[in-house]
Ligand SMILES: [Zn+2]
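Residue numbers (the numbering used here): 372 to 451.
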């Protein structure tokens with residue numbers, strides 16, 4: 372039986388839409404993005420970020436690297 376897209380491939384638990392806190396630890400500093408939409412496993416807590424969102428996070432991290440921000444904490448909606 373093929374697992375559906377809403378089943379966790381790691382533990383077989385249910386994936387539900389939720390939010391995570393994304394953290395990137397750079398040499399120059401730390402970037403924290405709160406309330407990033409993601410699929411989260413109810414059982415083991417593993418999470419998956421959509422490709423589009425991951426690309427935007429990458430850009431945020433890149434910006435912070437260029438600005439050499441020591442600590443940047445943003446909410447996803449401000450960042451998007
Ligand atoms: Zn799981």
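C-beta: ideal position from N, C-alpha, C; glycine also.
Remember, it's a predicted structure, so these values are computed and weren't measured experimentally.
- Apart from the 5 residues on each side of it in sequence, residue 417 sits with its Cβ closer than 7 Å to the Cβ of 379, 381 in its chain, given in chain order.
- Per DSSP, reduced to three states, the secondary structure at residue 413 is coil, with no helix or strand assignment.
- Residue 437 has its Cβ no nearer than 7 Å to any heavy atom of ligand 1.
- Residue 443 is bridged by DSSP to 402.
- Placement of the Cβ of residue 384 at a distance of less than 7 Å from at least one heavy atom of ligand 1 is found.
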